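A.B. asks: In my numbering, the protein residues as written are 20 to 1249. Backbone N, C-alpha and C define an ideal beta-carbon position, used for all residues, glycine too. None of the values given here were measured: they were computed from a predicted structure.
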C-alpha cells in the first residue's frame, strides 16, 4: 500500500485472508539505549530489562548513556515489525477465540479502529465506556461488583457499547470481565455480541506473553493462565479483544495511557452508521491509585467526560472530595484583580495539596501530583459524581445518558436546546423508556426543529417506538415528510436488503443512458418502477404525477421524460407528500420492517386495502428473496397483514354489512383506483376471500337480481321455457328494495337510512353496456325529485325482467354447462357412430356441426385473451397462460385442429381418430373446472389436485423398482431376445401388471409347464420366433418376484395410502378456504362472458365486434366490480372504516394487556416503582436526620450565645462552646 493509504489507516482495503500486511502497518518497540537504573546496581535498564537482554547496539555508546538520566520511549527505543497478532485461545476456558495485537504506543488510532471493525468484525458501538480503576492490590468492594453487573453491563447491553478496561486478570478489569460473563449467561445468546469488552494493556506487563509471539501470526495462540493466580497480570479470558501496547518497557504500568487516550478521542469523533451524533465516549473511575491521575488529566484535556463512582475507595474518593468539597476563592470586585487571582490560585493549590496529603500520605513527588490535581480541578465541569446509595444500580443507564448530556452542554451553544442532544443519545441507544420518563413528561416544550433529526434517525435505524413517541408529542408528519426526504429514506436502505438491490437494478438502467462522469442516486422514479413491477396492474403506478408521466405512453417515452426531468432541478422534492403515512408504510414494507410497518398501517387510512397492499408487496418480494430466513419472515409478515385485513373487515361487516360491501368494490384514490377484491386477488389472500362478507357479495353477484334461495332446477326449467321468468316460479328482489339501495348509494353514509342486512343487487354492480356507462354512475336525485321519477326512466317490466334473468352469471353458467354436455355428447356421437372416412365420403353433417362448435369456442378464447382488459397484448397473453385451465383449453383446441386436418387424408385417417379420441378425454376433463363452483365438489377437487402431486412422487419410486426388477427378470429368463416390442412389454408392462395380481407363473417359474412354442435357434429368434426360457437362474427369479411384490404391494402402496391420508387431513381443513378463493375467478369469468353459450355465442361476438369496431363503443367490462365513490360519500366511508379500525385496535390492545407476559411486565414496573420510592424514602430519612442534627447544633449554639450575652458583664460562663461534631455524636447516641 502507498503512503496515502498508510496515513488514512488503510486497513479497510487490505485482504482479510492474507495477513502478511499486519507487520508492515503495526510495530513493536525495542529498547535501543541502555539507561542504568540506579536502584539495581547497574543490572537493569530503566526500561525494565536486564543488561544482558539488550542488543549490542544499546550497550555500545557508554558515554552518551552516562549523560542520560531518564529513559524516554520515543528517544531510547525503535519500532520493528510486530511479532504477536492473530486469534487467542485460553487453554482450559471456552473454545471461542479472541483477538489480540501487539502494537507500538505511537500507532495511529485510526488504523487500530479500522482493523477492529473490518478484520475483527466488531460491530461499531453506540457508546464507549472506558473503565479505569484499582489494580490487583486494591480490593474491589462487593456493591461495586453488583453495580458493574446490574448497572454498567446492563446499560452497555441495552445501548450496544464497547467497554474498555485494562484487560488483565486483576482489579477492575477482572470485575468487569466477570460481570459481562455473568450477564451473558443470565440472558439469551442474542445479546452476546452487544456487549464488547476490550482490554488495552501494556505489553511488558502481561505474564506469559512469550506464548503469543509468532512473527507470522497465531491462529490461534494457545495462552495458559494459572488457576492459582487471581489478581495477577494475566490476560482476562472474559474480554473479546486485546490491544497490547508496547512502549519498550517491561514490568512497568501506565505505558498504554497515551495510546488509550488517543484511541478514545478518535472514536469520539466517529459516527455509528447513519446516526446524527458522534459516538459518545465516557470514562469511568472506580477506586484507583494515585498514578492514575495522569490518565484523568490527559482525558480531561481531550474533553472526555468522567463519571466517578463515589465511595468506591482510593482515587475515586479523592476526586469526589475535591469536586464536591473544595471551592475556589471568590474574586473581589475592587482593583488588584491580577494580584487577587494569583492569591486565589495559591490558596486553591494549598487546599488541594492538603487534600493530596490527607488521601495519599505516602505519595512521593507531591508537587507534581498537586500540579496534576490543579489541572484536573480546572476541568471539573467534565467530572460527574455518582452516588450509588442515592441513585441505585437499576438506573445506571439513565445516569450514563445524563452524564454525557451534561458534558455535551459544555460544548454546545447557549441558544441550542440541550435536551436535543440528550434525545439524540436516547434514540441512538434505542431507550424509549428513558425518553418517555425524562424528556416527554410534560416539562419540556419541544419544537419541530428539535425533533426533526431524531425522527430521521429513528426512521433510518428502525426504531418505531420513537416514531410513535414523536408523533404522540406533536411532530407533524405532513410538515416533516417531503418527497425529497422520502428519496433520502430510500437511499438509506441497507445494502443487504432485497429492495436495495432491486432499486439498484433500475438505477443501472438510467446510468447506462447517462455519461460516465455523472453520478446518480436512487430517485422516486426507480421506486415507481419497483412498485409497478411488484404490484402489476392491480393499481395505477405510484409517483408518476411528480414526473408528469403518461401511463398510457410507451416505457421508452416515459423513461426519456423522467430522465430529462431528473437531470434538471427537481422541484418536486420540496413538495410535501400527499399521503405521507402510505409512503412510509410502503417504504417500511419494502425493507420487511414488521413493527414499523404495522405502526404506519395503524396511521394510514383505508386500513383493509392498505393491509392487503402490504400483503401483496411482501409476497412478491418473498418470491425474489434468496435468503431462507428473510423469505420466511416476509411470508409471516404478509400473513399477519392478511389476518389484519380480515379482522378489520370482519369488524366492519358485523357493524354494517352494506357499508362493508362497499369497501370491497370501492375504487381507492390512495392506492391508484385499486379495489379490495382486486388487491386480495393479486395478493393471493385466500383467508380474506373466505370471509362471509366477501362470499356474501360474490353470491349476490352470482345470482344477480334473483333471490339466493332460488333452486337451480327452477332456473334450468326457465331456460328451457323462457316465459316462466314472468311468473312467480323464480323470486326476484322487489324493485322498491333496489331503489332503496340506489338511494343508499347516493345519500351520505351518515344518513339515518337503515341498511339492515341488505346487500348490493346485481344491477348495481354489473356494467350496463346498453347504456354505455357504468351502473355505479347513478345520477343523484335533485331536490323535489322522487324515487318514482327514477322508476319511470327504467325499462318496461317485460324487458327489465328478461334482462334480470338472462344477465345473471348463474344463468350464463348453467347455459354453458348444459351446452357443454351437449357438445360432449355430439363429440362422442361423432367418434362412436358418425366418424366417416376421408373426403369425398366424409365428414358427416354432425361432424361439421362439431367443427363449427369448436370454432365458436376458439372465438371465445380469443375474446377472453385479447379483447377483455386494458393491458397490452403481451401482458394479456402472459396472464392467460398462467391459468392451468387455459392451458387445457389450448391443448384441447390444438389436438382438435391437428386431428381435423389429419382426418382429411387417408394415410393419416387412423392417426386422426386416435388424436381426436385423446382430445375428447381432454375436453371431458375440462368439466372439473366447471364444477369447482359447487360447494361440495369444489373442495374435493382441490384435494384431488393436491393428491395428484403426491401420486407423481409415488410413480417415481415405482418407476425405479419397475426398471430394476424388469431388467433383471428379463435378463435372467431370456438370454437373448432382439425384438424391442417384446422386451419393452416384459421389462415395464408386465411388472406393472404384477402389482395388480396378473402374474404369469407358468412363464416365470420354470418348474411349471409352459404350453408355448419356443426355440433356442438364434436364426429363428432373429426372425421373430419366441425364445425359450433359461432355467439356470429360476430360483433367483422367484426371489426377485417375491421381493418386488413385497416392496410394491405392501411398502409403496401403503406409503401412497398414508400420504393420501395425510394430504386429505391437512388440506381438508383449508380446502374450503381454497375453494372460496377459486370461486371468485369463476364468478369473474362468467360475469364478463356473453349471455349466450357456444355455439350461439357467435351472435354475441358479432354484436361485440359491431360495437367496438363500427360503432366505437368503449368496453365497460374492463374493471370488474368497481364502485367509484367521490366527494363526501367517499370521505364518510373512509371515516367509518377508520372508526372500525380503531375499535379493532382497542380490542387487540385489551387482549394484549390481558396476557400473562403483559401482566408480568406491569407487575415488574410496579415493583420497580416501589423500590424507587423506598430509595427516595431512605434518602429523605437521611436528609431529615442531617437536618435534625443541624437544628440541634443551631439550638445549642443559640443557647450558648444567650448565656454568654447574659453574663457579658464580666462573669465567665461555666459551659463550653458547643461544636458541630459533639452535637452530631450526641444526637446519634440518642
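#1: When burial is assigned at 16 or more other CB atoms within 10 Å of the CB, is residue 493 buried or exposed?
#2: Quick check on residue 64: does DSSP put it in helix, strand or coil?
#3: What is the DSSP secondary structure of residue 539, reduced to helix, strand or coil?
#4: So what does DSSP say about residue 1147, is it helix, strand or coil?
#5: What did DSSP end up calling residue 178 once you bin it into helix, strand or coil?
#6: Is it buried or exposed, residue 178, if we count other Cβ atoms within 10 angstroms and call 16 or more buried?
#7: Mind pulling the beta strand (DSSP E) runs of 3 or more residues that sit fully within the stretch 296-384?
#8: Is residue 515 buried or exposed, if buried means 16 or more other CB atoms sit within 10 Å of its CB?
#9: Does DSSP put residue 55 in a helix, a strand or coil?
#10: Beta-carbon separation of residue 996 and residue 1023 under 8 Å?
#11: Between the alpha carbons of residue 564 and residue 510, how many angstroms are there, rounded?
#12: Expressed to the nearest angstrom, what Euclidean distance is found between the alpha-carbon atoms of residue 1116 and residue 875?
#13: Which stretch, first to last residue, makes up the beta strand (DSSP E) that contains residue 47?
#14: Pair every Cβ in the stretch 828-841 with every Cβ in the stretch 943-953, then say whether three or more of these pairs are closer than 8 Å.
#15: Give me the DSSP bridge partner(s) of residue 106.
#16: What are the boundary residues of the beta strand (DSSP E) that residue 1269 is part of?
#17: Specify, as a first and last residue, the run of the alpha helix (DSSP H) that residue 867 falls within.
#18: Classify residue 1095: buried if its beta carbon has 16 or more other beta carbons within 10 angstroms, exposed otherwise.
#19: Tell me where the alpha helix (DSSP H) around residue 403 begins and ends.
#20: Do you know whose CA, among 338, 344 and 309, lies nearest residue 387's CA?
#21: The alpha helix (DSSP H) with residue 828 in it runs from where to where?
#22: Identify every residue that forms a DSSP beta bridge with residue 135.
#23: Who are the Cβ neighbours of residue 855 in its own chain at under 7 Å, not counting the five residues just before and after it?
#24: I'd like to know if the stretch 478-486 and the stretch 449-464 are in contact, where contact means that at least 3 CB-CB pairs between them fall below 8 Å.
#25: Near residue 56, which residues of its chain fall below 7 Å by C-beta distance, leaving aside the five closest residues on each side in sequence?
#26: Quick one, which of 592, 318, 1037 and 1020 has its alpha-carbon nearest residue 1030's?
#27: Quick one: any contact between the stretch 617-629 and the stretch 590-602, if contact means 3 or more CB pairs under 8 Å?
#28: Short check: CB of residue 254 to CB of residue 218, under 8 Å?
#29: Return the chain-ordered ranges of every alpha helix (DSSP H) run that is complete within the stretch 412-481 and spans a minimum of 4 residues.
#30: Residue range of the beta strand (DSSP E) that residue 152 falls in?
#31: Less than 8 Å between the CB atoms is what I'm expecting for residue 401 and residue 319, so what's the real figure, rounded?
#32: Mapping DSSP to helix, strand and coil, what is residue 780?
#33: What is the DSSP secondary structure of residue 751, reduced to helix, strand or coil?
#34: Residue 230: which of 110, 215 and 311 sits nearest, CA to CA?
#35: So for residue 1078, helix, strand or coil by DSSP?
#36: Can you check which of these residues, 963, 987, 1198 and 1079, is closest to residue 1052 by C-alpha distance?
C.D. replies: Let me lay it out:
#1: exposed
#2: strand
#3: In the structure shown, residue 539 sits in coil (DSSP, three-state: anything other than H, G, I, E or B).
#4: helix
#5: helix
#6: Burial state of residue 178 is buried, judged by a 10 Å Cβ sphere holding 16 or more other Cβ atoms.
#7: 300-305 and 325-328
#8: With a 10 Å radius around the Cβ and a threshold of 16 neighbouring Cβ atoms, residue 515 comes out exposed.
#9: Residue 55: strand per DSSP, three-state reduction.
#10: Judged by their CB atoms, residue 996 and residue 1023 are not nearer to each other than the 8 Å cut-off.
#11: It is roughly 21 Å from the alpha-carbon of residue 564 to the alpha-carbon of residue 510.
#12: 7 Å
#13: Where residue 47 is concerned, the enclosing beta strand (DSSP E) stretches over 46-50.
#14: Pairwise C-beta distances place the stretch 828-841 in contact with the stretch 943-953, as three or more of them are shorter than 8 Å.
#15: BP columns for residue 106 point to 118.
#16: There is no way to answer for residue 1269, as the model of the chain reaches only from 20 to 1249.
#17: Looking at the DSSP string, the run of the alpha helix (DSSP H) that includes residue 867 is 864-881.
#18: buried
#19: That residue, residue 403, is in no alpha helix (DSSP H); its beta strand (DSSP E) goes 402-405.
#20: Of the candidates 338, 344 and 309, the one whose C-alpha sits nearest the C-alpha of residue 387 is 309.
#21: 828-851
#22: DSSP, once it has assigned bridges, lists no residue as partnering residue 135.
#23: 861, 862 and 863
#24: Contact between the stretch 478-486 and the stretch 449-464 is present, with at least three C-beta pairs closer than 8 Å.
#25: 63, 64 and 65
#26: Nearest of 592, 318, 1037 and 1020 to residue 1030, Cα basis: 1020.
#27: yes
#28: Contact check for residue 254 against residue 218 passes: the beta carbons are separated by less than 8 Å.
#29: 415-428, 437-448, 451-457 and 467-479
#30: 146-152
#31: 6 Å
#32: In this prediction, residue 780 scores a pLDDT of 42, lower than 50, which makes its location untrustworthy; the coordinate-derived value is nonetheless stated afterwards. Coil, per DSSP.
#33: Taken through DSSP and simplified to helix, strand or coil, residue 751 comes out as strand.
#34: 110
#35: helix
#36: 987
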